[in-house]
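This note's numbering puts the first residue of the sequence shown at 105, with every later residue one more than the last.
Beneath this line is the structure, given in structure tokens, with notes to follow.
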Amino acid sequence: MTHLFLFLGALLGGLAVALGAFGAHALKTRLTPEKLITFETGVRYHFYHTLALLAVGLAQIALPGAGTLALAGWLFLAGIALFSGSLYWLALGGPRWLGPITPLGGLALIGGWIALAAGAA
105 MTHLFLFLGA LLGGLAVALG AFGAHALKTR LTPEKLITFE TGVRYHFYHT LALLAVGLAQ
165 IALPGAGTLA LAGWLFLAGI ALFSGSLYWL ALGGPRWLGP ITPLGGLALI GGWIALAAGA
225 A
């Protein structure tokens with residue numbers, strides 16, 4: 105389990121870079137400025153929480169008995185998928201019903217930080 109979050113963090117980091125480049129180059133002339141900002145917000149939070157996921161993996165190595173670290177990792181993964189994923193789809197013209205999913209992803213990200221703090225304590 106320890107290496108799972110390092111592995112997924114590495115993959116998600118590469119995906120964040122690819123999506124950022126895609127937004128900056130391929131979407132710059134195809135999206136409205138507002139939708140481009142939405143897409144870029146998704147990339148930014150995706151990247152921040154990829155780094156947090158890597159921190160969880162490293163913390164699991166340093167603190168192997170901290171059970172809430174795994175919870176933090178799963179919450180960060182869910183938050184990236186729900187928060188950033190919904191922003192990507194909304195920016196690309198996805199259905200408007202995805203909008204209410206975004207705050208749920210935000211709550212998962214907040215929960216991940218709380219679980220990480222608890223694991224570190």
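Backbone N, C-alpha and C define an ideal beta-carbon position, used for all residues, glycine too.
Since the structure is predicted, the reported quantities are computational estimates derived from the model, not experimental observations.
One alpha carbon belongs to Leu186, the other to Leu119, and they sit about 15 Å apart. In the structure shown, Pro168 falls within a coil segment according to DSSP collapsed to helix, strand and coil. Between Leu211 and the set Ala222, Leu194, Gly198, Leu181, the nearest pair of CA atoms involves Leu181. Taking 7 Å as the cut-off, the Cβ atoms of Gly177 and Phe109 count as close. In the assembly as shown, Thr136 is an exposed residue. Its beta-carbon has fewer than 16 other beta-carbons within 10 Å.
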